[in-house]
Amino acid sequence: MKGCLQIIFSSIILLLFCLFMAIVTSLFQNKNEPNKSDNKVLESNYEIDKSIDFKNNYDVNDIETIRNNYDYNETNFNYRSGAICNDGTQSSATGRGACSHHGGVAYWLN
């Protein structure tokens, strides 16, 4: 009988210790790491319909509306076809890195 009481007492002490450790762990858990169940809340609080331009109130997929709302004229755009570098070489690059190893851009080709 005395041995059974010791086993029961030891079991109760072990259960209390496990409960204490679970409480301490939950209190000091890193709050910066999101739980998998919280991912939806952290990703976005709102559901956004990206097919609507809220500023101008038209459907982004409606190309005719977009063209009519803006002055769309191809002559307003300058297209670069390349560059002549300062060392005389020609480059087909049309962006900021054009002629970067050739002394820079002497002039752009249109």
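According to our numbering, the sequence shown is numbered sequentially starting from 4.
Just so it is clear, CB atoms sit at the ideal spot from N, CA and C, and this is done for glycine as well.
{"Item": "Distance between residue 84 and residue 105 (C-alpha atoms, nearest Å)", "Value": "18 Å"}
{"Item": "Spatial distance of residue 112 from residue 90 (CA atoms)", "Value": "15 Å"}
{"Item": "Residues bridged to residue 110 [DSSP beta-bridge criterion]", "Value": "87"}
{"Item": "Alpha helix (DSSP H) segment containing residue 12, residue limits", "Value": "5-30"}
{"Item": "Buried versus exposed call for residue 27 [16 or more other C-beta atoms within 10 Å across all chains shown]", "Value": "exposed"}
{"Item": "Distance, residue 10 Cα to residue 23 Cα", "Value": "20 Å"}
{"Item": "According to DSSP, residues forming a beta bridge with residue 94", "Value": "86"}
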